[in-house]
Structures are given as C-alpha cells and as structure tokens.
Amino acid sequence: EAGVTQSPTHLIKTRGQQATLRCSPISGHTSVYWYQQALGLGLQFLLWYDEGEERNRGNFPPRFSGRQFPNYSSELNVNALELEDSALYLCASSLVGGNTGELFFGEGSRLTVL
Amino acid sequence: SQQGEEDPQALSIQEGENATMNCSYKTSINNLQWYRQNSGRGLVHLILIRSNEREKHSGRLRVTLDTSKKSSSLLITASRAADTASYFCATAPPGNTGKLIFGQGTTLQVKP
C-alpha cells in the first residue's frame with residue numbers, strides 16, 4: 070500500500086512568488102494535515118482538512134492557504150513568499166480525523182526562498 | 521509556542537545501550553505520541569499513549585506518562601545504529617482540533 074506522497078521534493082522560489090505543494094494521502098484516509106518544520110522553530114501545525122473542508126488552522130498568516138479535493142488529495146499554497154517561509158513542509162494523513170490517532174507523514178517538500 | 525520540551529537535546533550512546541528521552545508539557549492532553557525522524561525526512565509514528573494510560577510497550581520501546589507531572593519518557597532498549605534519528609514527542613490538546621504540538625526533539629546518535 071502506498072504511503073503519503075508529496076510533490077515536489079524540492080522547490081526554489083524567490084521572495085514575492087507563490088508556491089504550491091501537493092499531497093496524496095494513504096488510500097482510505099480522509100483527513101490531511103500540513104505542518105511546517107523550519108530551522109529553529111520546530112514542527113508547527115498549519116492546516117487540517119477533512120472531507121473537503123478546512124477544520125482547523127494554526128497560527129499562520131492568511132497567505133498560507135490550501136484545499137482538499139474530492140479524492141482527498143490536498144494542496145498547500147503559500148503566497149507572497151518571504152525568506153522565513155523556507156522550511157520543510159510535511160503532509161500527513163490519518164484514518165480517524167482529528168488528533169486522537171496516529172498520523173502518517175510523507176517525506177516532505179523542501180521549500181527554499183531566495 | 522511549543523508545548524513539549526524535550527530533554528536531553530542530544531544523546532550519544534554505544535550500540536546495545538539503552539536510551540532514555542524525556543518530554544514535559546504544560547497543559548492537559550488527550551494523548552501523547554512519539555515520532556522518529558531520520559535526517560530531514562518524514563516522521564514515523566512510534567507509539568501513542570492516552571491520558572488515562574501510564575505505560576505502554578512496543579517492541580524495544582517503552583513509554584511512560586505521568587499526567588500529574590505533565591511528563592513522559594521514551595526508553596529504547598538495546599539500541600542499534602539504525603535507531604540514530606531525532607525523536608519528537610507530540611501532545612494532542614483536548615478537543616478534536618486535529619492539532620499536535622511537537623517538542624523540539626532529541627537527537628540520538630547510536631555508535632556501532
């Protein structure tokens with residue numbers, strides 16, 4: 070069974086540009102989560118999608134947004150990129166929505182903003 | 521702000537030795553989870569312990585939870601070089617928020 074897949078693996082952008090990251094959850098998982106892992110800041114919760122709806126978001130500005138498609142895949146958009154957005158962006162999925170069970174993580178997309 | 525604080529930040533041991541990592545948190549929790557991350561890659565779930573549980577085992581892993589002290593420990597017995605990784609505790613706040621709050625992690629090096 071395929072795990073959580075993320076693309077692209079690496080992405081280089083310049084300040085002010087937009088980045089789009091994609092995630093496919095494990096088959097049968099309807100919840101998708103996004104986390105940011107920036108150097109020195111650790112893993113920070115970004116977004117939770119379940120059944121196509123945004124259920125919760127972390128303490129990030131509105132230029133971080135996303136959506137979940139009918140097939141439960143998801144994309145994360147970061148607009149007006151800033152240098153401090155450079156980070157590893159991790160997507161995870163779960164069989165049970167919320168924070169009551171384990172998360173299955175993808176390998177991440179490393180975003181570098183120059 | 522991060523809820524989990526992990527101790528030590530780094531740990532270096534020889535193969536065959538035991539490794540103990542500690543995690544403290546500040547508010548009430550639904551459950552506490554431990555994850556492993558190999559150098560800049562995705563996280564792998566190790567074990568989940570619920571707030572009404574005190575101890576849990578999985579293979580060479582033993583996790584304890586003391587909600588009165590708001591702390592947890594992860595013990596890896598008979599460590600192997602392949603256990604070299606960063607280990608994170610993650611707390612789930614009450615309510616189904618979908619959010620896990622991760623600690624800063626402990627970097628474990630197991631020398632062959």
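First to last, the sequence lines map onto chains A and B. Counting in the numbering used here, the first sequence runs without a single skipped number right up to 183 at its last residue. Counting in the numbering used here, the second sequence runs without a single skipped number right up to 632 at its last residue. Note that beta-carbon positions come from the ideal geometry of N, C-alpha and C, so glycine has one too.
- Residues Tyr102, Ala161, Ser162, Ser163 of the same chain have their beta carbon placed closer than 8 Å to that of A/Leu172, with the five preceding and five following residues left out of the count.
- The alpha-carbon separation between B/Ala612 and A/Phe114 amounts to approximately 11 Å.
- Nearest CB-CB separation between B/Asn542 and chain A: not below the 8 Å threshold.
- Below the 8 Å Cβ cutoff, chain B contributes Asn550, Asn551, Ala612, Asn616 as neighbours of A/Thr169, in chain order.
- Residues of the region 110-126 of chain A that bring their beta carbon within less than 7 Å of a beta carbon in chain B comprise Gly111, Leu112, Phe114, Trp117, Arg124, Asn125, in sequence order.
- At a Cβ-Cβ threshold of 8 Å, A/Arg132 and A/Ser143 do not count as neighbours.
- One alpha carbon belongs to A/Gly166, the other to A/Arg124, and they sit about 10 Å apart.
- When Cβ-Cβ separations below 8 Å define contact, A/Leu159 makes contact with chain B.
- Counting along the chain, the unbroken beta strand (DSSP E) around A/Lys82 starts and ends at 79-82.
- Within a 10 Å sphere around the beta-carbon of B/Ser548 sit fewer than 16 other beta-carbons, which makes this residue exposed.
- Here the alpha carbon of A/Ser134 sits roughly 5 Å from the alpha carbon of A/Asn146.
- Closer than 8 Å to the CB of A/Phe138 there is not a single CB belonging to chain B.
- Against chain B, a Cβ distance below 9 Å from A/Leu172 picks out Gln553, Tyr555, Leu563, His565, Ala610, Leu620.
- It is roughly 14 Å from the alpha-carbon of B/Ala610 to the alpha-carbon of B/Thr617.
- Against chain A, the CB of B/Leu585 has no partner CB under 8 Å away; the residue lies outside that interface.
- Cα atoms of B/Tyr607 and B/Asn550: separation of roughly 20 Å, rounded to the nearest angstrom.
- DSSP, read as helix, strand or coil, puts A/Glu153 in helix.
- With its beta carbon at least 8 Å from every one in chain B, A/Gly97 lies outside the interface.
- Between B/Gln624 and chain A, the shortest Cβ-Cβ separation is below 8 Å.
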